[in-house]
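**Q** Residue numbers (our numbering): 3 to 265. In this text, a Cβ means the ideal position worked out from N, Cα and C, and glycines have one as well.
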Ligand SMILES: Nc1ncnc2c1ncn2[C@@H]1O[C@H](COP(=O)(O)OP(=O)(O)O)[C@@H](O)[C@H]1O
Ligand SMILES: [Mg+2]
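1) Taking 8 angstroms as the cut-off, is the CB of residue 256 close to at least one heavy atom of ligand 2?
2) Tell me whether residue 49, by its Cβ, gets closer than 8 angstroms to a heavy atom of ligand 1.
3) Answer yes or no: the CB of residue 190 versus the heavy atoms of ligand 2, is any distance below 8 angstroms?
4) Does residue 264 pass the burial test, meaning 16 or more other C-beta atoms within 10 Å, or should it be called exposed?
5) Taking only three categories from DSSP, how would you classify residue 202?
6) Give a single yes or no on whether residue 169 has its beta carbon closer than 8 angstroms to a heavy atom of ligand 2.
7) Return the CA-CA distance between residue 66 and residue 75, expressed in angstroms with no decimal places.
8) Pick out whichever of 153, 94, 118 has its Cα sitting closest to the Cα of residue 129.
9) By alpha-carbon positions, which one of 111, 114, 24, 138 ends up nearest to residue 122?
10) Who does residue 145 pair with in a DSSP beta bridge?
11) So, residue 187 versus residue 211, is the Cβ gap smaller than 9 angstroms?
12) So does residue 217 have its beta carbon nearer than 8 angstroms to some heavy atom of ligand 2?
13) Work out the CA separation of residue 53 and residue 36 for me, nearest whole Å.
14) Hey, which unbroken runs of the beta strand (DSSP E) at 3 residues or more fall wholly within the segment 154 to 225?
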């Protein structure tokens, strides 16, 4: 289903004119990007293009040199409980159970503590959503790579995110587990209606799960491509092949220019 029809909906997450750099070099040089509720936007880009920087800015972890982040029209001034970020490394604390690792994501600085009953209910719902209800009491060392990544996703979901930010979350998983996680992600985005940004270096992953794929290059969004291909996408090789060609060429072009000396 195309979500393009919802074009009049206000953006859940809006990045406007984002600039950020180090040592006189602007890594991000005026990035504009909007993501609607329930929309999944993948970000592709060469290594060093600024993908992780952009996600950290969208999470409120670092402030941009210029530009603004808005969540539901409200300017982001720092981290928020309902803006969740997850990485390739699930970052589980080895001495805590799965359940406690998920609950750990609910200790917010500068926010009133959640009542115990609410916290427990959120953890249980999140574990259910990722298919780990049976593993609540497992220790991290008892988990496969896929289960660890599900736990990390549950930790993000327990925050009841309005915005979900994922930085190469499945990059370390084997092919079959990754396919499972991609299906799970689609289901989670549909169920939670979180505005989701997925950074990935895997073009096929981007093509399989996204409503739009953006190529980050030369400090901005070099290509913003709608993927209007019905599910199940793995059966749509031809339609995806044509889109893949456009993405690869945009990536090559952005890499060539990124490598050029800065003016
Ligand atoms: N805290 C920092 N200090 C200095 N340079 C940084 C910092 N964070 C990122 N960079 C630089 O910004 C560029 C983009 O980094 P990053 O956002 O991690 O790229 P990507 O995730 O696309 O690979 C890189 O050149 C990196 O070295
Ligand atoms: Mg990165």
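**A** With the given structure in hand:
1) By one-based count along the chain shown, residue 256 stands at place 254. Set against 8 angstroms, the gap from the CB of residue 256 to the closest heavy atom of ligand 2 is not smaller.
2) Sequence index remark: in the chain shown, residue 49 carries index 47 (1-based). Yes, the beta carbon of residue 49 sits closer than 8 angstroms to at least one heavy atom of ligand 1.
3) Within the chain shown, the letter at position 188 stands for residue 190. Within the chosen limit of 8 angstroms, ligand 2 does not reach the beta carbon of residue 190 with any heavy atom.
4) For the purposes of this step, residue 264 is taken as residue 262 along the chain shown, with counting starting at 1. In this prediction, residue 264 has a pLDDT of 48, which is less than 50 and means its spatial position is unreliable; what the coordinates show is noted afterwards. It counts as exposed.
5) Here residue 202 refers to the residue found at position 200 when the chain shown is read from its first residue. Three-state DSSP puts residue 202 in coil, outside helix and strand.
6) Numbered from its first residue, the chain shown carries residue 169 at position 167. True, at least one ligand heavy atom lies under 8 angstroms from that Cβ.
7) What you label residue 66 is simply residue 64 of the chain shown in a count that begins at 1. What you label residue 75 is simply residue 73 of the chain shown in a count that begins at 1. Distance between the alpha carbons of residue 66 and residue 75 is about 18 angstroms.
8) In the chain shown, residue 129 corresponds to position 127, counting from 1. Selected option, being the one with the closest Cα: 153.
9) Walking along the chain shown from the start, residue 122 turns up at place 120. When C-alpha distances from residue 122 are compared across 111, 114, 24, 138, the shortest belongs to 138.
10) Indexing the chain shown from 1 puts residue 145 at position 143. According to DSSP, which records beta bridges pairwise, residue 145 is partnered with nothing at all.
11) Here the question's residue 187 lines up with position 185 in the chain shown. Here the question's residue 211 lines up with position 209 in the chain shown. Contact: yes.
12) Looking up residue 217 in the chain shown gives position 215. The beta carbon of residue 217 sits no closer than 8 angstroms to any heavy atom of ligand 2.
13) Counting from 1 along the chain shown, the entry for residue 36 is found at position 34. Counting from 1 along the chain shown, the entry for residue 53 is found at position 51. Cα atoms of residue 36 and residue 53: separation of roughly 15 angstroms, rounded to the nearest angstrom.
14) If we require 3 residues or more, the beta strand (DSSP E) runs fully inside the segment 154 to 225 come out as 165 to 169, 197 to 201, 214 to 219.
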